[in-house]
Structure formats: structure tokens, C-alpha cells
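Going left to right, the sequence shown walks through residues 14 to 137 as the working numbering numbers them. Data block below; observations after.
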Amino acid sequence: MGSSSLLSSQSAASRKDKVLALAPDNFTWHGYSALETQLRVERLLSRYVACIDDDALERWPEFFVAEGCRYEIITRENVERGMPLALVFCNSQGMLVDRIVSLREANIYPQRWYRHIVSNVLIQ
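So this is what it looks like as C-alpha cells:
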């Protein structure tokens, strides 16, 4: 039996129980329990994708720290070849703001609508 058919034969609750069993009971991150951490990360990811899906791109840079953030778009082919050349590279909030201004004012693209779904967030 292949791994994909094995996973599909297990119930979602069973898989969740196995994943939760891997986290130690006393796990904490910055004072938050594993469950609190999970909920906070899921809420952050949900807000992040809602910002993109709602075309509120001007708010998007606020999801990154002001200095020292890193946003890259690297093609799959480059990753597979060990060539980390990024098509887009931003290492500050200011560069992210510039990217949005460029998308809104300088570049001409047909209107696109996105819908992201956040599910099965795994924190290790």
C-alpha cells in the first residue's frame, strides 16, 4: 500500500492525535503552550492570506518585521538545481512597500483574484 493511500485511509482525527502525541506535554514557546502557539500561528496565517485574498496589499508588509525580514520568490527549477537566485528579493518592510507600489502603479497586470485556504498547520 502506497503512502498516499495509507494517509487517506486514516481518519483526520487519528492523524491529528498522532501529531499531537509527538509534541511534549510541557512544550512552550515564549511562554505559550503548544495549543496556544498553534492557535496564534493559525490566526496569523489566516489574517495573512485574507489580506492577500481581499486585495488589501498595502497592509501586507505589516506582517513582516521592519528590519531583517526576508521575502524571496525562487523558482522550483532553481531550488532543484541548487541555484538560489531569487526572482524577487526583499529584505526590509520598505522594499515590500515598494513592491506593492510597483504592482499598483508601475506594472500592468490583469486583475487577479486569489483564494487561499489554510489547513493542517504543522509547527515543529
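Where is the CB? At the ideal position from N, CA and C, for every residue including glycine.
Annotated three-state conformation of residue 127 is coil, per DSSP.
Within the model, the alpha-carbon separation for residue 43 versus residue 58 is close to 18 Å.
Excluding five sequence positions before and after residue 55, the CB atoms of its chain that fall closer than 6 Å to its own CB belong to 134, given in chain order. Residue 116 is positioned such that its CB atom lies closer than 9 Å to that of residue 70. Taking C-beta separations shorter than 8 Å and ignoring five residues to either side along the sequence, the partners of residue 78 in its chain run 106, following chain order. A check of alpha carbon separations from residue 124 across 47, 46, 53 and 67 identifies 67 as the nearest. Following the DSSP letters along the chain, one finds residue 93 inside the alpha helix (DSSP H) bounded by residues 89-93.
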